[in-house]
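Enquirer: The structure follows.
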Amino acid sequence: MEIDVERQQKAREYARTRRRISYISMGIGVLSILIVLGAGLDKWFRDLIQGAGRWLPLLNWQPRTDWFPWQIVIYCILITILYELLTSPLSYYSGFVLPHRYGISVMSLRAWLREVGIGLGLNLLLEAVFISLVYALLAFQPQLWWLWAALIILFFSVLMANLAPVLIFPLFYKFTPLPDGELVQRLLRLAEQANTRVKGVFSMQMSNKTTATNAALMGLGNTRRIVLGDTMTDRYTIDEIEVVLAHELGHHVHHDIWKLIASQTVLMLVGLFLANLVFHQVVDQQHYYRSLTDPATLPFFFALIGVFSFIIMPLSNGLSRRIEYQADEYALTSTHKIEAFKGAMRRLANQNLSELEPAPIVEFLFHSHPSIKKRLQHADEFASRSGYTASASLSAES
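The numbering of the sequence shown is my numbering, which starts it at 444 and goes up by one.
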């Protein structure tokens, strides 16, 4: 399998267009926040919700002075929906029109809208729960709320990593056990060699949504399972699938999920601490808001989180790329199937319309994985370093 030159041209165009849409969406978000804060719409929106308390007394429930839990929830939900409506043309173009134009998506508009609706519902639920907990902590622990919030994020990260395969992903994909055979036996044997217990090998129905593919080792503990997209099992050789799965096993052998959870928690801890300093400055010193739990502070809080997330993105992506290199190294070391690895990488680039070599600044800022070209070079370097030639690799795979 070689890199398809025509597909790579499409991949560059597709990636470039998606980046432009992302920049526009980001600009809309920044401009919206500036208008809301500059024009005082944050307070106007709060007053509107408080006024509705005359007809909905629950909105005025105040378990602690200046803390109105239901006003905060409603405020959070409404501004999220308004932002989604504002950016819906971009979402439609980037999520439906563009993937169809480049042959990535095969979903009907109805199916796409259903998935968008489910995703929005989950996002609203999780966002409302998180914001409610943050503002409860602001009410009861105004000085140390950021520390408790980081610990809660850590807890939910572990919980979601464990439960997502059985609660979240089935909302979007159909999973069926893969019939027993050579592929299943080789993958289970690979997991056993990595001292990784799995619940089984499952096929994830992707072909009714996309022409792209994926494979993963999902879950933690008793929910961990091997998952292969059906768009992979019918196109890739067993050796290629085996080496892709070995990469995923490398993440578990190296405890990468825990590393990422820990690093994200530390970064979030720093971000929330800085938000705490700014919050107290704006509320306690400048008296711009009534209190720390004023519902009107929500746009300002989202702005702080957004700015910090953007600042740390290169650092977070850099750590992720390093982890991906290490997982590649494990896959090559544990299987010695260098040509199968390179074949899988090329096939993934062709099938998923992945850029072979994005601009260095783009990769540095936005990519969580090394470029396909760098991963192919890494495989060649591994072969040279280990003295394991391509011919030996081919012999091992036969």
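Just so it is clear, CB atoms sit at the ideal spot from N, CA and C, and this is done for glycine as well.
Since we're looking at a predicted model, the values are computed, not measured.
Tell me whether TRP555 sits in a helix, a strand or coil according to DSSP, three-state version.
Expert: DSSP places TRP555 in helix when its eight states are reduced to three.
Enquirer: Determine, using beta carbons only, whether ILE561 and ALA655 come nearer to each other than 9 Å.
Expert: In this structure, ALA655 does not lie closer than 9 Å to ILE561 by Cβ.
Enquirer: Taking all protein chains shown into account, decide if HIS730 is buried (16 or more other Cβ within 10 angstroms of its Cβ) or exposed.
Expert: HIS730 should be labelled exposed.
Enquirer: Look up PHE615 in the DSSP assignment and say whether it is helix, strand or coil.
Expert: PHE615: coil per DSSP, three-state reduction.
Enquirer: How about the segment 770–786 and the segment 684–694: do they share at least three Cβ pairs that are nearer than 8 Å?
Expert: Because the criterion of three Cβ pairs below 8 Å is met, the segment 770–786 and the segment 684–694 touch.
Enquirer: What residue ranges within the segment 718–798 form continuous alpha helix (DSSP H) runs of no fewer than 4 residues, ordered along the chain?
Expert: For the segment 718–798, whole alpha helix (DSSP H) runs of length 4 or above, ordered along the chain, are 741–778, 781–795.
Enquirer: Could you tell me the boundaries of the beta strand (DSSP E) in which LEU660 lies?
Expert: Here the beta strand (DSSP E) through LEU660 covers 658–661.
Enquirer: Just to confirm before moving on: does the CB-CB distance between ALA607 and GLY662 stay below 9 Å?
Expert: Contact: yes.
Enquirer: Name the residue from ARG667, ILE595, ILE520, LEU671 whose alpha carbon lies nearest to the alpha carbon of LYS617.
Expert: Out of ARG667, ILE595, ILE520, LEU671, LEU671 has the C-alpha closest to the C-alpha of LYS617.
Enquirer: With a 10 Å radius around its C-beta and 16 neighbouring C-beta atoms as the bar for buried, classify ASP737 as buried or exposed.
Expert: Counting Cβ neighbours within 10 Å, ASP737 comes out buried, since at least 16 surround it.
Enquirer: At the level of alpha carbons, what is the spacing between GLN505 and GLU635?
Expert: One C-alpha to the other measures close to 55 Å.
Enquirer: Quick one: complete alpha helix (DSSP H) runs, 4+ long, within the segment 580–625?
Expert: For the segment 580–625, whole alpha helix (DSSP H) runs of length 4 or above, ordered along the chain, are 588–610.
Enquirer: Name the DSSP bridge partner or partners of GLY672?
Expert: Paired residue(s): MET647.
Enquirer: PRO532 lies in the alpha helix (DSSP H); which residues open and close that run?
Expert: Per DSSP, PRO532 belongs to the alpha helix (DSSP H) from 531–535.
Enquirer: Counting Cβ pairs closer than 8 Å, one from the segment 705–719 and one from the segment 804–814, do we hit at least three?
Expert: Too few Cβ pairs lie closer than 8 Å, so no.
Enquirer: Excluding the five sequence neighbours on either side, which residues of its own chain have a C-beta within less than 7 Å of the C-beta of LEU529, listed in chain order?
Expert: Closer than 7 Å at Cβ, skipping near neighbours: ILE471, SER475.
Enquirer: Secondary structure at ARG463, three-state DSSP: helix, strand or coil?
Expert: If DSSP states are grouped into helix, strand and coil, ARG463 belongs with the helices.
Enquirer: Any contact of the segment 789–798 with the segment 738–745, i.e. 3+ C-beta pairs under 8 Å?
Expert: At 8 Å Cβ cutoff, the stretches do not touch.
Enquirer: Give the straight-line distance between the Cα atoms of ASP727 and TRP589, rounded to the nearest whole angstrom.
Expert: Their Cα atoms are separated by approximately 17 Å.
Enquirer: Select from GLN586, ASP682, TRP591, SER600 the residue whose C-alpha is nearest the C-alpha of GLN628.
Expert: Of GLN586, ASP682, TRP591, SER600, the residue nearest in Cα terms is ASP682.
Enquirer: In angstroms with no decimal places, state the Cα-to-Cα distance between ALA715 and ILE524.
Expert: Checking the sequence shown, residue 715 turns out to be Leu, not Ala. Their Cα atoms are separated by approximately 24 Å.
Enquirer: Could you name the residues of the same chain whose beta carbon sits closer than 6 Å to that of ASN503, not counting the 5 residues immediately before and after it, in chain order?
Expert: Within the same chain, ASN503 has close Cβ partners GLY496.
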